[in-house]
Structures are given as structure tokens and as C-alpha cells.
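Enquirer: Those sequence lines, one after another, are chains A and B. Just so you know, we're using the working numbering here: the first sequence kicks off at 1 and counts up by one. Just so you know, we're using the working numbering here: the second sequence kicks off at 1001 and counts up by one. Cβ coordinates follow ideal geometry from the N, Cα and C atoms, glycine included. Bear in mind the structure is a predicted one, so any value in this text is a computation, not a measurement.
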Amino acid sequence: MKTKRRTFLAGVSSAAVLSASGSAFAQKKYSEGASDTEIKIGNTNPYSGPASAYGVIGKTIAAYWKSVNEAGGINGRKVNFITLDDGYNPAKTVECIRQLVEQDKVLCTFNTLGTPCNTAIHKYMNQKKVPMLFVATGASKWGNPKEFPWTMGFQPDYHTEAVIYAKHILANVKDAKIGVLMQNDDYGKDYYEGMREGLGKEVGRIVKHVTYEVTDPTVDSQVIQLKDSGANVFFNISTPKFAAQAMRKAADIGWKPAQYLNNVSSSVASVMKPAGFDNVQGVLTAAYLMDPTDHQWDDNADMKEWKEWMGKHNAGASLADASNVFAYSVSTLMHETLKKCGDNLTRENLMKQAANFQKFRLKMALPGITVSTSPTDFYPVQAVQLQRFKGDTWDLFGDVMHAEST
Amino acid sequence: MPAFPKKWLWILLALAFLVPLLQPLLPDVVSNYRLFLVSTMIIAAIAVLGLNLLTGFNGQISLGHSAFYAVGAYTAAILMDKLDMPYYATLPIAAVMCFIVGYLFGLPALKLEGHYLALATFALALSVPQILKYKWLEDLTGGVQGIVLSKPDVPFGLPLNEDQWLYYYCLVVMVLLYWAAANILNSRSGRAMMAIRDQYMAADTMGIDTALYKTVTFGISAAYTGIAGALSASAIAFVAPDSFNFFLSIKFLIGLVVGGVGSLAGSVVGGIFYVLVDNSAQALSTFVKNDLGLQFDLSAYTVFGIILIVLMYLMPMGIVGGVYYLVRSMRSPGAKAREQAALKQRASS
């Protein structure tokens, strides 16, 4: 209730500021894709193909806009959310995006998913001057307003997260010898490069670097190799299934390094529990959103609101899947951005509003983590907090870290 | 399969060249997006044409044509990215490169027949995206990040926009390749290729160098598909390993079977078909759900599958074959029974 009132107040006061700031706002202004009755938003998601597990994100976002429309829309306008299946194939993404921009004439795209897919449309969107907001990828290249003023990221980038782990290792582990398990794709590489950069001169501390493919059945042999290398730190860059396997295997063969697990795989239900709670005590990770399976948030107002929303508008979707939290959270940010635009729904104003958040309290973000953007800062969420696994839940410690991306 | 009537071919070609010029008159019908879509159809048609030369006219099956497509695309992309080569100069090099790769792959494939060849080419399709990510090649291929390119510029100050130019570029390439393929098939070599398909042992006995023909056909087929890949690199202006997964091979195969195995015109129809259905399947599934009010949550691929099954049931010889027999049986009703008998015989052989 408290947070609700606060956002309400913030909304009212920002509306007051807007209406006070001159007559320019009194007139309704539209770009393509917006009108008195409708705002068209485009999106691509992999509903089929190798990455179709991410498809739940698109479905939850669609459910979010449906619930917004049922509640009356945004400033009286319904959101027309058009989401297309690109099968995680960048060539197909280009086709879909051209359809959305040129045929369907959307105002902007929102949360298009996948690093290669977004790379394929990056230049096009900026040439066309169509906002490409809050893309769903953790690569570090999305916040570059000088060269790409129409593209904005959302989540803390993988690179920065890895730098934070590296600094923590150097400060806390004596005589660290680091073994890295990495998924062999863009996401894995981003983390690995971040780790190398964070270590700086100490980069020689990485004694072993092994990779796996998404299609591999297990990572057992990789973990054995890491143990044999004599590493006493284990940096685990893997997606949920493999993260659980790796930590279980490490315990099985009696390897007890200091473990750093990437945020991608921090779900209690789908990673820590299958790995075995006994095996994962003391594992470290960084987080920015609340984990729905973590019982410490059971009484949190945001979490209760989310669970209620899920039951009402997204029934059938998993309450344990962190992707549903992500989709909901990023949608609320888009919602707020559109609300701030008022009746001036031009593409220029949309980018201006997106780049104008001051300590906005994002739904489902960890306490203390807020969204701040500016015309030179296109990284909305930049803070993470370290947490350590204890008992059957994550235990937050230390301060919220604000890392400027490199 | 009979050849496509020449008169119609010229009319279609004239239409294909004229339609983009109508853009100032009908900006909504002939939009840039549609032209781009037709360009991707043309590219798909070239790739299917390549596969048809191998499978339809030489009887060798391949599930690995996405690999040749990838090699073509990456050859073009690397040449443009590293050597600043103009996009049109990359096509012949991509073709030669793919011919060599296809020829070399054709050598061990000589020992493999039918299902075994399918499996070997399947492995090729699976391995190429992995090889593109390999760390020793990363400086060249950009690894998983891929290579970002620029779109082809309009030359000679022609009054066209990028998409119109891309369309004409792809169209001219396709017409040239189609013409070349038709000539190959009409020659001694073409008859040898088809003889090997129809009766391998008889062809061998007649003195045809079956090993040579099979490997060279593999090379030519790969070159065609590689050119399509190189064109797609220019059209999409981006290459990444994820664009060339195994499913692409299956799409070529779908285009081949739906258009008509062993028909040049069928390849073009097949290429158009798969891009068209691939794009409209999702629209159709939302239409079924929202507008018809049926509570089926059909995925786009379910719709795609249903369309395929229906088509195969109604036109087992592909669209071109189906239309041909339809026209024939309408002209002479008596021939209908004979046509069906022939159809049955061909389908069972």
C-alpha cells in the first residue's frame, strides 16, 4: 500500500510538472503508431526454435498489456501489442521488425529478445528513428546514446556483473586460482570478458577455462577438468539446467571452491533446489530482481501484487519462473514511460521520457534498486546486490552496488 | 515434369521488372517492406533451385544445404567486412567457394546412398554453425556476435531506393541462374544427371562417369545455394551463426517438395511458398483464435504443418505438378483417368 501511494504521488507530481511546463503539452502530438485511441507497440520473441523457453516473456508481456487495457488503458488509449515469432533467428527478426515498422507502423518496439536478434536490427531502427526500448539482452552495447540514440537497454549488463565478481574475488579470496565454466555463446563471452577485465593485471589467476554447448547433455567432464586444474574459485557462467548440474557434480567429486554463480541462474526453484541445498551453501551471486521462489519475499507488497496479478491475468504461467517476474517488471517500466508521455506521443518525446527517470522505484526490483536514466545514460538498471545462499534461501549482504558500465 | 511455357515466362518476367516502378502510384500496395519480402522470396527460390538440381535432377538427397548457404553468406560478409569488397564482387567468389566445399563434400558422399547421405548432410548442417563459432576462426567470423554489414547502395545514381535496388539485384541474379540451370539441364550433362537419377546402373553401363557427375552436381548445387546465402547477407545486412541452423535446411526441403521436385519453375514457387506461409502462419493462427473465436491456441508452426499436410494430400507432385495436371485434365476430360494412373505410378515409384 505504501509503495502504491508513493508511485501515485510521483505520478501526480510529474503530471503537475508536465502541465505546468508550458502550453506545448496541452496540444496532442502523435507520431506514427499513436492516436487518440491507440498506442501500437511491436515486439519479437522466440516462440519457436532453440530458445523458445524465453517465449514465456513475450506471453507475459502480452498478458500485461491486456490487463492494462482492461483497466482502461494508458491516458485513455488502448495498447495494441503486436508480438511476432522470430525463432531466435536474426534474419527472421529483420523481416519481423520491418513488418512491424513499415506495415503495422508501430510507435516503438519494446523488449525485443536476444543479443544476435537485436544486433541485426540495431542499425535499421536507428536509421528509421524508431525507439527500440528496453531490449531483452544483457550485452553491454545497448546503452550508447551517441551513436544509437534510439536504442535503450534494461537490465544490468553481464559485463558489469562479472567485473563485480572479479573485484569480490580479488578482495576476499586469498591466492585465488579461478576455474571458469562458460556457455559458448555471446552471453557467456560477455561474462568471461567482464571477468578478465575486472581481474586486470591479475588475469593470470584464471587457471582453467572450459566451455559447453547449449545442446550438450551434461557438463560433468568440464567440472572434473576444473577440479583437476587445482582451482579454488569456480565462476559458473551457465544457464539454469547446467548451473544445477555443475554445482551438484562439484559436490559429488568433493571439489569445494568458492563459487560465483551468474545471475541468470539464481532461481531457487529451478537451480538451487535441484542442485541440492547441502551442495550450494555459500554460493555467491548478484541480483536485481526478487526471486519468486525465495521465501524471504513472501510478505513483500510487490511480490503479493505480482502473484495476485499472475493469478488473475496470466493464469497457467509458472509462478516459479523468474522470466515472468522479468517480463512484468520491464512492462511496468514501459507503462510508466508511456504514461509520462501524456498526450505528446511522438517518437522523440518517448525517447526523451525514457531517458528521464530519476530513482524510479521499479516493481519487483530488490529494495534499494531504482531506475535512473539521462540523455547520456541509457542503462536503466545498473545496480546489483550480492547475495549468498544460506539454508534454503538467498541472503543479501553488503551494499547495493552501482556500477558504471565500461 | 514439362517445361514452363515460354510465353508465360516472359510475361511474368516483364511483370516482375515493372511492378516496383509502380511504387509512386500505389505506395501502399508496392511498399518497401513488400519489395524486401519479395527479395527474400527470390533468395529462397535460388536456394531451393540449388537443392533441386541435386535432389530433383540428380537424385541425391541433402539435409545440409543450410551449411552451404552459411558458407556463401559468410564468404560474402567477410569479404565485405575485412577487404571492403563491393557486394556484387562477392557473389562469384562465394559461388566458387561453395562449389569447392560442395565438390569436396560430394567425394565421400559418393559412397553414401539415400538415408546415409541424408544423415551425413544432416551432420554437416549441424556442425557448420558450431564451426563458425570456433575460437580460431573468431577473428574472421566475429564468433557468436556475427558481422554487421551495410545494405547495398544504389549504383550509377539510379532513381531507386535501397529496397527497389535490392529487389532488382536479386531478380537479375535469379534470372541468370535460372537461365543457366535450364541450359545445363537441356545439355548432354543435364541428361546424364537425370539418367543417374532415373537408373543409376544403366547410366553407368552407358559410359557416364557417374562419380564425376555426382560430385560436380553437388558442387553446382552448393554454389547456387551459396549465392543465395551471399545475397541474403547483403539483404539482411547481418550474419550470425544463429541464422543458419538446421531448420533452414528443412525449409529448403519444404520449398522443394511443395514447389515440385524436379521442376525449375517449382523451385521458384517453392521459395515463394515457404517465405509466404512462414510469414502468414502466425497471422493465420491469431486470426483463428481472435477473429473466428475458436479456443485453439495453435502455434504458428501447427498452422504451417496443417497447410503442408493438406497441400501434400491434394498435390502430391507439388504445386507446379498439381497445377499442370489440373490444367491438362480440364482441357481433355478423357485424359483424366490416364493422368491419375500416371500420377499414382510416379508417386509409388
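(1) Give me the residue from A62(A), A287(A), K390(A) and L107(A) with the minimum Cα distance to L366(A).
(2) Kindly indicate which three-state DSSP category M401(A) falls into: helix, strand or coil?
(3) Would A1367(B) be called buried (16 or more neighbouring beta carbons within 10 Å of its own) or exposed?
(4) Since D1242(B) meets chain A, which of its residues come closer than 7 Å, beta carbon to beta carbon?
(5) Give every residue of the same chain whose Cβ lies closer than 8 Å to the Cβ of G398(A), excluding the five residues on either side of it in the sequence, and list them in chain order.
(6) Using beta-carbon positions only, say whether I1227(B) and A1045(B) come within less than 8 Å of one another.
(7) Per DSSP, which residues does Q387(A) bridge with? Please list them.
(8) Could you tell me the alpha carbon to alpha carbon distance between V400(A) and G368(A), rounded to whole angstroms?
(9) Report yes if the CB atom of T1040(B) is closer than 8 Å to the CB atom of A1230(B), and no otherwise.
(10) Reducing DSSP to helix, strand and coil, say where F378(A) ends up.
(11) Between which residues of its own chain and K1344(B) is the CB-CB distance below 7 Å, once the five residues before and five after are set aside?
(12) Give the C-beta separation of L1256(B) and G1056(B) to the nearest angstrom, bearing in mind that I take them to be a contact with Cβ-Cβ under 8 Å.
(13) Kindly indicate which three-state DSSP category L1149(B) falls into: helix, strand or coil?
(14) Counting along the chain, where does the alpha helix (DSSP H) carrying Q127(A) start and finish?
(15) Less than 8 Å separating the beta-carbons of L261(A) and L284(A)?
(16) Measure the beta-carbon distance from G1059(B) to T1121(B) and round it to whole angstroms, keeping in mind my assumption that it falls under 8 Å.
(17) Using a Cβ-Cβ distance cut-off of 8 Å, determine whether R98(A) contacts chain B.
(18) Kindly list the residues whose CB is nearer than 8 Å to the CB of M1097(B), restricted to its own chain and excluding five residues on each side of it in sequence; keep chain order.
(19) For D36(A), list the residues DSSP reports as bridge partners.
(20) Taking only three categories from DSSP, how would you classify Y958(B)?
(21) If the cut is a Cβ gap below 9 Å, which residues of chain A does T1075(B) touch?
(22) Please decide whether L1276(B) counts as near chain A, where near means a Cβ-Cβ distance under 8 Å.
(23) Just confirm the distance between the C-beta atoms of N300(A) and M290(A), as a whole number of angstroms; I'd bet it's less than 8 Å.
(24) If you draw a straight line from the C-alpha of N1161(B) to the C-alpha of V1154(B), how long is it?
(25) Within 8 Å (strictly less), CB to CB, does Q103(A) reach chain B?
(26) Kindly indicate if chain A contains any beta-carbon less than 8 Å away from that of N1032(B).
(27) Whole alpha helix (DSSP H) runs in the stretch 195-244 of chain A with 4 or more residues, listed along the chain?
(28) What is the DSSP secondary structure of T373(A), counted as helix, strand or coil?
(29) Considering Cα atoms alone, identify which of G179(A), V210(A) and H159(A) is closest to G198(A).
(30) Decide if the stretch 1311-1324 of chain B is in contact with the stretch 1266-1274 of chain B; the criterion is three or more beta carbon pairs, one per stretch, under 8 Å apart.
(31) Note down, in chain order, each residue of its chain lying with its Cβ closer than 7 Å to the Cβ of L1311(B), except the 5 sequence neighbours on either side.
(32) Is the beta carbon of F360(A) less than 8 Å from the beta carbon of T346(A)?
(33) Going straight from the alpha carbon of Y328(A) to that of K339(A), what length do you get?
(34) Looking only at C-alpha atoms, which of I39(A), G55(A), T44(A) and A91(A) sits nearest to G76(A)?
(35) Check the Cβ of L84(A) against every Cβ in chain B and list those closer than 7 Å, keeping chain order.
(36) To the nearest whole angstrom, what separates the beta carbons of V330(A) and F81(A), a pair I think is in contact under 8 Å?
Expert: In terms of the structure at hand:
(1) A287(A)
(2) Here M401(A) sits in strand by DSSP.
(3) Only positions 1001 to 1349 of chain B appear in this structure, which leaves residue 1367(B) out of reach.
(4) Y88, N89, P90 and P116
(5) Q385 and L386
(6) Not in contact: I1227(B) and A1045(B) (Cβ atoms no closer than 8 Å).
(7) T285(A) and L396(A)
(8) 7 Å
(9) No Cβ-Cβ contact shorter than 8 Å links T1040(B) with A1230(B).
(10) coil
(11) none
(12) Right, the Cβ-Cβ distance comes to about 7 Å (below 8 Å), so this counts as a contact.
(13) Correct three-state label for L1149(B): coil.
(14) T115 to K128
(15) Yes; because the gap between Cβ atoms is below 8 Å, this pair is in contact.
(16) So it is not a contact: roughly 14 Å between Cβ atoms.
(17) yes
(18) Excluding sequence neighbours, M1097(B) sits near V1071, G1072, T1075 and G1226.
(19) Answer is none; D36(A) lacks a bridge partner.
(20) The question about residue 958(B) has no answer here: the residues shown for chain B are numbered 1001 through 1349.
(21) Per Cβ cutoff of 9 Å: no residues; T1075(B) is ~16 Å from chain A at best.
(22) no
(23) The pair is a contact, with the Cβ atoms about 7 Å apart (cut-off 8 Å).
(24) 7 Å
(25) Taking Cβ atoms only, chain B reaches closer than 8 Å to Q103(A), which makes this a yes.
(26) At a cut-off of 8 Å between beta-carbon atoms, N1032(B) makes contact with chain A.
(27) 220-228
(28) In the structure shown, T373(A) sits in coil (DSSP, three-state: anything other than H, G, I, E or B).
(29) H159(A)
(30) yes
(31) Same-chain partners within the cutoff: V1258.
(32) no
(33) 16 Å
(34) I39(A)
(35) Q1282
(36) Actually they are not in contact, since the Cβ atoms of V330(A) and F81(A) sit about 13 Å apart, beyond 8 Å.
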